[in-house]
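Residue numbers (the working numbering): 899 to 1091. In this text, a Cβ means the ideal position worked out from N, Cα and C, and glycines have one as well. Remarks on the structure that follows.
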Amino acid sequence: PLTLAETASVFGEMLTFRALLEQAPTKRERRALLASKVEDMINTVVRQIAFYSFERKVHTERREGELTSERLSEIWLDVQRESLGPAIELKPGYETFWCYIPHFIHAPFYVYAYAFGDCLVNSLYAVYEKADKGFAERYLDMLAAGGTKHHKELLKPFGLDASEPHFWSMGLKVIEGLIDELEGMDEKGAAKR
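As structure tokens, then:
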């Protein structure tokens, strides 16, 4: 399924990131790794959800009639303002940024899979961090099943259920933990994991 398409690569990225972070020789390198990862994760989750929201609003409004590029730009800005809040100033020219995203034309509604997949991997990674044994075998079985099973079946051996709010909270807590780690870095040295 689309929601699991990025699981192996994103999980591998998380393992690689953690290994690099553990081996970072300086506070500056550790901070740079953390900041880059946090930015990437927030972009994947928050931005992709905003993209999905934009698509839904466009398709819903399109049912009533044709939309001009100006109206598409208005919808885009409304969604971005709602998503980003007052801390981000949207500069002139940003109103047409929607037309630079090929997914809207070539793969409508694909973008939700990025946010879903990232949260799924984060929740899976949270299980991995606490697992004492058997995780690797269950993980390889999940990958081997590929698209033959629904995500609900694939996640069950890990005690995960995407229909439960706790599943999503676990994934978001991984991001929150990285933000806390980044913010907790002091002048004496890098915060410990």
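Check	Outcome
C-beta atoms of Ala906 and Leu1022 nearer than 7 Å	no
8 Å contact criterion, which Phe952 and Ile986 should meet: CB distance rounded	Contact doesn't hold; Cβ gap of about 16 Å is too wide.
Rounded separation between Glu1081 and Arg960 - CA only	43 Å
Coarse secondary structure for Ala930, derived from DSSP in three states	helix
Nearest neighbour of Ala1034, chosen from Gly1044, Phe1056 and His1048 [CA to CA]	Phe1056
Nearest-angstrom Cβ-Cβ length linking Gln1068 and Asp1016, presumed shorter than 8 Å	The residue asked about is misnamed: residue 1068 is Met in this sequence, not Gln. Going by Cβ atoms, the distance from Met1068 to Asp1016 rounds to 12 Å, so no, they are not a contact pair.
Inter-residue CB distance, Tyr1012 and Gln946 (contact presumed, cutoff 8 Å)	4 Å
Beta-carbon gap between Leu1052 and Ala1043 smaller than 7 Å	yes
Arg928 to Glu1079 span [Cα, whole Å]	10 Å
Simplified DSSP assignment, three categories, for Pro1063	helix
Under the three-state DSSP convention, the category Ile1077 falls into	helix
Buried or exposed by the 16-neighbour rule on C-beta atoms within 10 Å, applied to Thr1046	exposed
Spatially closest choice to Lys1028 from Val977, Val1072 and Ser967, by CA coordinates	Val1072
Buried/exposed call for Asn941, threshold 16 Cβ in 10 Å	exposed
Limits of the alpha helix (DSSP H) - the one that His1001 falls within	His1001 to His1004
Classification of His1048 by the beta-carbon crowding that lies within 10 angstroms, buried from 16 upward	exposed
Leu1076 beta carbon less than 7 Å from that of Lys955	no
Burial state of Leu1038 (16 or more Cβ within 10 Å)	exposed
Ile991, DSSP secondary structure in three states	What sits at residue 991 in the sequence shown is Gly, not Ile. Gly991: coil per DSSP, three-state reduction.
Contact belief for Leu988 with Gln978 at Cβ below 8 Å, rounded distance in angstroms	6 Å
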